[in-house]
Amino acid sequence: MNIFDKGFAPAEASLRYLDGDYVVLKPGSFVRCAISGKPIPLDELFYWSVDRQEAYADVVVANEALERFGRGN
Numbered sequence: 001m002n003i004f005d006k007g008f009a010p011a012e013a014s015l016r017y018l019d020g021d022y023v024v025l026k027p028g029s030f031v032r033c034a035i036s037g038k039p040i041p042l043d044e045l046f047y048w049s050v051d052r053q054e055a056y057a058d059v060v061v062a063n064e065a066l067e068r069f070g071r072g073n
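According to my numbering, the sequence shown is numbered sequentially starting from 1.
1. Which same chain residues, not among the five before or five after C33, have their C-beta less than 7 Å away from its C-beta?
2. Determine the direct distance from the alpha carbon of V31 to that of L15, and round the result to whole angstroms.
3. For a quick check, are the C-beta atoms of V59 and D19 less than 8 Å apart?
4. If distances are taken between C-alpha atoms only, which option among L45, A13, L66 comes closest to L25?
5. Could you name the residues of the same chain whose beta carbon sits closer than 7 Å to that of P27, not counting the 5 residues immediately before and after it, in chain order?
6. In the DSSP assignment, what residue or residues form a beta bridge with E12?
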């Protein structure tokens with residue numbers, strides 16, 4: 001089944017974020033931004049925190065998280 005099949009329902013993925021990559025723990029088509037809650041398609045996921053294991057929608061939101069929480073936990 002792919003996104004062009006009838007009855008396709010996008011599902012939220014569960015990922016383990018690594019340095020420069022991630023591992024899919026539960027398959028899906030998107031993850032949620034930790035700050036905005038916006039869904040991020042996996043093919044558009046470029047920003048995340050390895051320390052906090054959370055995804056960010058874009059560079060502005062990633063910078064906001066960095067300013068808010070710092071680099072570590």
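C-beta: ideal position from N, C-alpha, C; glycine also.
In short:
1. Here the set comprises I40, A55, Y56, A57, V61.
2. L15 and V31: Cα-Cα distance of roughly 8 Å.
3. No, they are not a contact pair.
4. That would be A13, whose Cα lies nearest to the Cα of L25.
5. When the five nearest sequence neighbours on each side are left out, the beta carbons in the same chain lying within less than 7 Å of the beta carbon of P27 are those of A13, in order along the chain.
6. E12 pairs with F30.
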